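Asks: The working numbering puts the first residue of the sequence shown at 58, with every later residue one more than the last. The beta carbon of each residue, even a glycine, is placed where N, CA and C say it ideally should be. Keep in mind it's a predicted model, so treat the numbers as computed, not measured. I'd like to ask some things about the structure below.
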Amino acid sequence: MLFITGWFGVTGSYAERNLAREQSDIEQIMEMSLLMQANAAAKQKRQLARGTHAKGVCARAEFEVLDVTAGRAPALAARLAKGIFAKPGVYPAIVRFGNADSTKRSDFKADVRSLSFSVDLTRDGTAVPDANVGRQDFSMQNATTLPINDSPAFLAIMKLLTASNPAAGLWSLPFKDKLRVIRTLALVQVQSHQAIKPYQQLRYWSTVPFRHGPADVVKYSASPSPDNPSGLLQRKSPDGLQDEVIRHLQEDSKMSSFDLGVQFLDADRMTYWGKRLDANFWIENASVDWKETEVPFHTVARLTLLSRSQLPPDEDEATYFDVTGNSTPDSTPVGSINRARQPAEVASRKARMRGQQL
Numbered sequence: 058m059l060f061i062t063g064w065f066g067v068t069g070s071y072a073e074r075n076l077a078r079e080q081s082d083i084e085q086i087m088e089m090s091l092l093m094q095a096n097a098a099a100k101q102k103r104q105l106a107r108g109t110h111a112k113g114v115c116a117r118a119e120f121e122v123l124d125v126t127a128g129r130a131p132a133l134a135a136r137l138a139k140g141i142f143a144k145p146g147v148y149p150a151i152v153r154f155g156n157a158d159s160t161k162r163s164d165f166k167a168d169v170r171s172l173s174f175s176v177d178l179t180r181d182g183t184a185v186p187d188a189n190v191g192r193q194d195f196s197m198q199n200a201t202t203l204p205i206n207d208s209p210a211f212l213a214i215m216k217l218l219t220a221s222n223p224a225a226g227l228w229s230l231p232f233k234d235k236l237r238v239i240r241t242l243a244l245v246q247v248q249s250h251q252a253i254k255p256y257q258q259l260r261y262w263s264t265v266p267f268r269h270g271p272a273d274v275v276k277y278s279a280s281p282s283p284d285n286p287s288g289l290l291q292r293k294s295p296d297g298l299q300d301e302v303i304r305h306l307q308e309d310s311k312m313s314s315f316d317l318g319v320q321f322l323d324a325d326r327m328t329y330w331g332k333r334l335d336a337n338f339w340i341e342n343a344s345v346d347w348k349e350t351e352v353p354f355h356t357v358a359r360l361t362l363l364s365r366s367q368l369p370p371d372e373d374e375a376t377y378f379d380v381t382g383n384s385t386p387d388s389t390p391v392g393s394i395n396r397a398r399q400p401a402e403v404a405s406r407k408a409r410m411r412g413q414q415l
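Structure below.
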């Protein structure tokens, strides 16, 4: 895996970053995302589902912002206390656990798992500094990075996924796009073949960076509490992971929680293959890991599920997450993948909602 990552690398695409091309890539990505969404629905003879993370379960939760000044050096505390994390408060939240695939398959097929949640900023007496939106959304998965590095890699893999003959589609790609696809697929294989565990036992990462106040950039991680309850997964059921979350919500007296941490981009402390690179490198390349040994996470909040709070089917279907559209000025997403994914996600959501109204 290290050989594959290092050999194909990412510095070439970083050096060749072209914003004019990126806009063209984004338009094509949006078109192909809609095609992939429609193809998945047609193949399974069902209505349109989410373009990715098609299968999942929603519940209500509580998001508690902790006192980030407690026990910390003043400089670090001041750096952490930005946006929603500026002062302690408790906010309602909606959580969705899911699988990354665009098709609705068995929970025991190899896949990446996701945790997405929205924090309602309007239903607490604590004002959020400079917030101009009613909620802040988070989207995470149980891998430290995205397998797709940037918009050129995103477009290349979408061409393959929507091709009528994937093998022929791969060999028809330009050489650099072949390398991008092979690198992406290699990372997908590693990330999707992790041990299968209940959703409430997994750790999740944002994989992509976000602003944290006017000067900093961070990634997020949600770490499960060591005593989160879980039962044995029922492997005879194709919905075993989903069933276990529902059982947990209905039966357990203690509800699962996750500590949310932020990881600062400190370019002078971070290395890629032994080299120090500027901040733009770390922002623009979504498949490059920010090593925790170099830049640790700092816990700033806690997300706790609420008992017996599974959303009914109609609310579940209406739920969506948009980390760009639902972000405060202090938490806007940055980087090539964040710029590329939002138009496709919005178009996919609109298509799904129209399908539900027919």
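Out of D373, N285, W330, which one is the CA nearest neighbour of W347?
Replies: Measuring from the Cα of W347, the nearest candidate turns out to be W330.
Asks: Between the alpha carbons of S287 and Q307, how many angstroms are there, rounded?
Replies: Those two C-alpha atoms are separated by around 12 Å.
Asks: Does the Cβ-Cβ distance between L289 and L298 come in under 8 Å?
Replies: It is not a contact, given that the beta carbons lie outside the stated cut-off.
Asks: Please give me, in chain order, every unbroken run of the beta strand (DSSP E) with length at least 3 that falls completely inside the stretch 259-301.
Replies: Listed in chain order, the complete beta strand (DSSP E) runs (minimum 3 residues) inside the stretch 259-301 are 267-269, 273-281.
Asks: Do P204 and L244 have their CB atoms nearer than 8 Å?
Replies: Yes. Within cutoff.
Asks: Among the candidates M197, V274, Q248, whose CA atom is the shortest distance from the CA of S175?
Replies: Nearest option by C-alpha distance: M197.
Asks: Report yes if the C-beta distance between S90 and A404 is below 8 Å; otherwise report no.
Replies: The answer is yes: Cβ separation under 8 Å.
Asks: Can you find at least 3 beta carbon pairs, one from the stretch 262-273 and one from the stretch 379-391, that sit closer than 8 Å?
Replies: Yes, the stretch 262-273 is in contact with the stretch 379-391.
Asks: Relative to the C-alpha of D234, which residue among A224, I214, P223, Q246 is closest?
Replies: For D234, the nearest C-alpha among the options comes from I214.
Asks: Give the straight-line distance between the Cα atoms of Q320 and A279, rounded to the nearest whole angstrom.
Replies: Q320 and A279: Cα-Cα distance of roughly 11 Å.
Asks: Return the chain-ordered list of same chain residues with a C-beta closer than 7 Å to the C-beta of T202, the five sequence neighbours on each side being excluded.
Replies: Correct list, in chain order: T264, A343, S344, V345, D346.
Asks: From I340 to V125, what distance separates their C-alpha atoms?
Replies: Straight-line Cα distance between these residues: approximately 25 Å.
Asks: How many angstroms separate the CA atom of D296 from the CA atom of Q257?
Replies: One C-alpha to the other measures close to 15 Å.
Asks: How big is the Cα-Cα spacing for S221 and R192?
Replies: Those two C-alpha atoms are separated by around 40 Å.
Asks: Apply the 10 Å Cβ neighbour rule to S173 and answer buried if 16 or more other Cβ atoms are within range, or exposed otherwise.
Replies: S173 should be labelled buried.
Asks: Tell me whether the stretch 359-367 and the stretch 236-243 touch, counting them as touching only if at least three CB pairs, one residue from each stretch, are closer than 8 Å.
Replies: Flag = no, the stretch 359-367 and the stretch 236-243 do not touch.
Asks: Spell out a yes or no on whether the stretch 148-166 and the stretch 102-120 are touching, meaning 3 or more CB-CB pairs, one atom from each, closer than 8 Å.
Replies: Output reads yes: the stretch 102-120 touches the stretch 148-166.
Asks: Looking at the ligand NAD, does it come within less than 7 Å of R406, judged from the CB to the closest heavy atom?
Replies: In the structure on display, the ligand NAD does not appear, and there are no ligands present to speak of.
Asks: Going straight from the alpha carbon of L76 to that of G392, what length do you get?
Replies: The alpha-carbon atoms of L76 and G392 are separated by roughly 11 Å.
Asks: Could you tell me the alpha carbon to alpha carbon distance between A130 and R136, rounded to whole angstroms?
Replies: Near 10 Å, if we compare the C-alpha coordinates of R136 and A130.
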